[in-house]
Each structure stands twice: as structure tokens, then as C-alpha cells.
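Since the structure comes first, as C-alpha cells, the remarks are kept for the end.
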Amino acid sequence: MSSKKPVIVYGANGFSGRLVVEFLREYNLPFIAAGRSRARIEDVMSRVPGIETANYEVAETGGSVEELTKLFTGAKVVCNTVGPFLYNGPRVVEACLKAGCHYIDIGGEQAWHRNAAENWGDKFAQKGLLLAPGMAYMSAASDIAVRLCLETEGIDTVEIISMFKGMPTFGSTQTIFAAIPTDAYYLEQNEYKPWARATAHEAIVPGQALTQLVLPWGGFPHPVWYKDHPQIANVKTLGGLLDRGIMEKVLATEKHFEENIRPLPKAEQEKVLAEMASSVQAGTPPRENSRVNRTIDVVYARGSMTSVQCTMVGNCTYRQTGLVQAYAAHVLVHGSPRTVGYASPCAALGHRDLLRTLENFGLSRAKVTS
Ligand SMILES: NC(=O)c1ccc[n+]([C@@H]2O[C@H](COP(=O)([O-])OP(=O)(O)OC[C@H]3O[C@@H](n4cnc5c(N)ncnc54)[C@H](OP(=O)(O)O)[C@@H]3O)[C@@H](O)[C@H]2O)c1
143 MSSKKPVIVY
153 GANGFSGRLV
163 VEFLREYNLP
173 FIAAGRSRAR
183 IEDVMSRVPG
193 IETANYEVAE
203 TGGSVEELTK
213 LFTGAKVVCN
223 TVGPFLYNGP
233 RVVEACLKAG
243 CHYIDIGGEQ
253 AWHRNAAENW
263 GDKFAQKGLL
273 LAPGMAYMSA
283 ASDIAVRLCL
293 ETEGIDTVEI
303 ISMFKGMPTF
313 GSTQTIFAAI
323 PTDAYYLEQN
333 EYKPWARATA
343 HEAIVPGQAL
353 TQLVLPWGGF
363 PHPVWYKDHP
373 QIANVKTLGG
383 LLDRGIMEKV
393 LATEKHFEEN
403 IRPLPKAEQE
413 KVLAEMASSV
423 QAGTPPRENS
433 RVNRTIDVVY
443 ARGSMTSVQC
453 TMVGNCTYRQ
463 TGLVQAYAAH
473 VLVHGSPRTV
483 GYASPCAALG
493 HRDLLRTLEN
503 FGLSRAKVTS
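Below, the structure written as C-alpha cells:
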């Protein structure tokens, strides 16, 4: 029997990593809080309320595949919170596969999901391991809503709106900017179709008097999750922040990118985007507040003679993310996922179980209407 703690949180000192750790404590799961700076991890951990009752240790790692493989070996699951996952995901996934661990992360970038599904999914499946990027608020909540709609017979088309209120963190802002150059796709008759670049849309969000400005925002994971789904053929996801002013600025940034930055070499593009992201958010926002930080995910679902709508009304994007990660780790440590290889949160954990978990912690609730 391995003496290694069963869960590794990579990026434990980040805004999201810290929340994963808080919920791992709630599940009484022993874990290693890992990252590239022992001092930064110890500083953050010392400020987690009640952490003295958690069973954990701190590990500093250089982050190469070899170092990560050594760190992960003997553990059961790695919770990766180090984004942008487009840049940082591959080395962690490779180390997980070598170490024989389940991999979950909180990345919603569609290009990262396509990479994971196409290059790593079968390798994880062959080893009986789960590979689940996107085990986070965005887009687990809307994955639940889609699955609730699928309980109505004949549904084959889903339009998804995913929105939250609040200021994205440093890591989230870097990731939003890193996704700008990537190709975003929706699904039409199970084929990927490209979204028009730098184009916003108006969305009708239930319970709101004014329409919201939404973007494909890199495409979201759903088209990748449902690409080969036996029931779903058409998927479009749009989303963003519940703040028209910010979304207008995001749209202006996308247009600026197309006109002035896309012609630059790729490495230069990444550098300029990272600098732009740092000028928007260089620090850490305050801890979330359920009266301020609200989420809404809506799925409008159609079949040829039927329609159904599911709305997930919730709060605290980052807290939902911490909980979803910890619940997934709990299932993976004490039991087995419902499937292996590349999978969505609900395919791996079951949509009703995941919904109950979010409800039990007062973070989200579903409403289905036909
Ligand atoms: N899908 C969702 O719903 C959802 C929700 C929350 C977050 N996210 C995503 O999760 C990611 C993290 O977000 P966050 O809010 O936690 O950001 P954050 O507060 O900036 O934390 C980022 C963490 O990653 C570490 N890190 C960054 N670059 C690294 C590198 N090259 N090597 C090793 N460690 C590195 C940081 O460590 P240092 O302190 O050492 O820099 C820190 O621990 C972002 O990509 C964000 O978009 C997604």
C-alpha cells in the first residue's frame, strides 16, 4: 500500500487551487499541495481557515515531466489548476499518464480540450484512467443542464449560454487572452464548424430584462464533449461576464488582435497577449461573495417536435470549481469513474450526483421547463 497521499493539487497556492484544497478538507481527503514555490504555497495554506485539521503536505516542484512524474507516482488523482492549460496542460497530462494517475483540470479552453481528446484520450482509456479537463464551474454546470434536457426524448440540438458576474483572476485573465488566437468551433450534425472571429451576439437570459452580450470565447468544451454523442448532433455555446461594459472591451480586444497582432509570429502573439492580460488584471480579486458573484447557465434544447429548457442558477464561480474538483477527487479515490479516457464531468461522475453536490453546498440549482 502506497504511503503517498492520494490527491495532488498542482497550483495549490492559486485562487482556484486554494479553494480545491478547502473542499478537499471538507471531504477529509489527504492531499499534497504542490507548485513551483514552497514559500508561496505555505503562505497561502497558512491562511486557509481550519487547515490545521487537514491531512496534507507541501511539495515544491520544478514542473518538468520527469519531476512531475516523480511527484505523482503513488497518488490516485491529480487536480491541475495551472493555466493557461493550452500552454501548461500537456506536461502535466504526460506526467499523469506515466505515473498512472487520473487527471482532472479546470481548463475550459476548447483548443486544449481538442488536444487532450485527440492526443491523450485513448492512452488514458487503455490504462483505465480518467482524463477530464474542464472539471470546473465552466462548463460542468452547463454539462449538467444539457444532460437534464436529454432526459426529454428526441432532443438532438442544444444552444448553451454560460455567464458569471465577478472579476476574473490573474490566471483566468491570462487564459481568456491566450484563447483569443485559437480556432473556436460549434457542432453541426456532429461536424466542427468555425465560429466567425471577433463577433459578439445578443443572448436572452431568463429572469433578466436586458439582453446580454456574449462571445464564443474560444468555443467552450461542449462541442468536443458531445462530438460523438449518440443523441446530440448540434451544439453552440456562447458566454462571458454578466457585464456589458467588460464584454464590449473583450470584443474590442478580439478585433484589435485580428487587425494588429495576428500578423505577428506565434511566440510574439503570445507575449503581447500575456502583457495585455497582465495590464487588465495583475493581482488577485477578493474572495467571492454570493450576493455579488452570481452564475447563470441556460440550455435551450430542441428535437424535431419537442423543446425543453434548463437553467442553472448559482453563485461563486471559483467556489463551484473548488467543489467540483474535490468531489471528483473523492469519487476517484474511493470508487471508480463511470467512464475512462477523455470525458466530461457528467460523463465521468453522473449529472444527478454532480447536481446534488452543488445543491448540497448551496452553490447552484437547476430548473427544467418544457
Ligand atoms: N473553467 C472554470 O470554471 C475555471 C474556474 C477557475 C479557474 N479556471 C482556470 O484555472 C486557471 C487558474 O486560475 P486561477 O484563478 O487559480 O489563477 P491564479 O490565481 O493566477 O493561480 C494560478 C496558479 O498557477 C500557478 N502557475 C502559473 N504558471 C505556472 C507555471 N508555469 N508553472 C507552475 N505553476 C504555475 C501559479 O503559481 P505561482 O504563484 O507560482 O505563479 C498559481 O498557483 C486559469 O487558466 C483559469 O482560467 C477555470
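Numbering-wise (this note's numbering), the sequence shown opens with residue 143 and increments by one. Note that the Cβ used here is the ideal one computed from N, Cα and C, for glycine as well.
Of the listed residues 371, 482, 493 and 465, nearest to residue 164 (C-alpha basis): Closest in alpha carbon position to residue 164, among 371, 482, 493 and 465, is 465.
Between residue 440 and residue 144, what straight-line distance do the alpha-carbon atoms span, to the nearest angstrom? 44 Å
Segment contact flag, the stretch 358-366 with the stretch 311-328, C-beta cutoff 8 Å, min 3 pairs: yes
Would you check if there are 3 or more beta carbon pairs closer than 8 Å linking the stretch 174-193 to the stretch 247-254? no
Kindly indicate which residue of 237, 199, 212 and 382 has the alpha-carbon position closest to the one of residue 318. 382
Out of 227, 162 and 171, point me to the one whose CA is closest to residue 461's CA. In terms of CA proximity to residue 461, 162 leads the group 227, 162 and 171.
Using CA atoms only, rank isn't needed, just tell me which of 288, 282 and 221 is closest to residue 472. 221
Nearest-angstrom Cβ-Cβ length linking residue 283 and residue 437, presumed shorter than 8 Å: 7 Å
Tell me which residues share the same chain as residue 206 and place their Cβ nearer than 6 Å to its Cβ, disregarding the 5 neighbours each side in the sequence. Cβ neighbours of residue 206 beyond the five flanking positions: none.
Less than 7 Å between the CB of residue 224 and some heavy atom of ligand 1, yes or no? Yes - ligand 1 has a heavy atom lying nearer than 7 Å to the Cβ of residue 224.
Residue 198 and residue 173 closer than 8 Å at C-beta: yes
In chain order, what are the residue ranges of uninterrupted alpha helix (DSSP H) at least 4 long that sit wholly in the stretch 340-384? Those alpha helix (DSSP H) runs which fall completely within the stretch 340-384 and span 4+ residues are 364-367.
Based on DSSP bridge pairs, tell me the residues matched to residue 273. 245 and 484
Residue 217 versus residue 267 - alpha carbon distance: 18 Å
If residue 377 and residue 363 are in contact, beta carbons under 8 Å, what's the gap, nearest whole angstrom? Wrong, their Cβ atoms sit about 10 Å apart, outside the cutoff.
Count the CB pairs spanning the stretch 270-283 and the stretch 474-487 that are closer than 8 Å, and state whether there are at least three. yes
Anyone know if the C-beta pair for residue 235 and residue 315 falls short of 8 Å? no
Quickly, what does DSSP pair residue 306 with across the bridge? List them, please. 383 and 437
Rank 452, 417, 506 and 425 by C-alpha distance to the C-alpha of residue 463 and give the top, closest one. Answer by Cα proximity: 506.
Are the CB atoms of residue 426 and residue 306 nearer to each other than 8 Å? no
Suppose you measure from the CA of residue 209 to the CA of residue 308; what does that come to, to the nearest Å? 36 Å
How big is the Cα-Cα spacing for residue 499 and residue 403? 43 Å
Measure the beta-carbon distance from residue 286 to residue 508 and round it to whole angstroms, keeping in mind my assumption that it falls under 8 Å. That pair is a contact at about 6 Å.
Report yes if the C-beta of residue 457 is less than 7 Å from at least one heavy atom of ligand 1; otherwise report no. no
Taking C-beta to C-beta, are residue 481 and residue 468 nearer than 8 Å? no
Give a yes or no on whether the C-beta atoms belonging to residue 269 and residue 242 are separated by under 8 Å. Their beta carbons are under 8 Å apart, which means residue 269 touches residue 242 by this criterion.
Below 7 Å, is the gap between the Cβ of residue 153 and the nearest heavy atom of ligand 1? yes
Candidates 303, 179 and 397: closest to residue 353 by CA position: 303
For residue 530, which residues of its own chain have a beta-carbon under 8 Å away from its beta-carbon, when the five flanking residues on both sides are left out? This structure cannot speak to residue 530, because the chain is shown only from 143 to 512.
Same chain, Cβ closer than 7 Å to residue 348, five either side skipped, listed in chain order: 440 and 453
Any chance you could list the alpha helix (DSSP H) runs of at least 4 consecutive residues sitting entirely within the stretch 448-506, in chain order? 459-476, 487-491 and 493-502
Taking C-beta to C-beta, are residue 190 and residue 233 nearer than 8 Å? no
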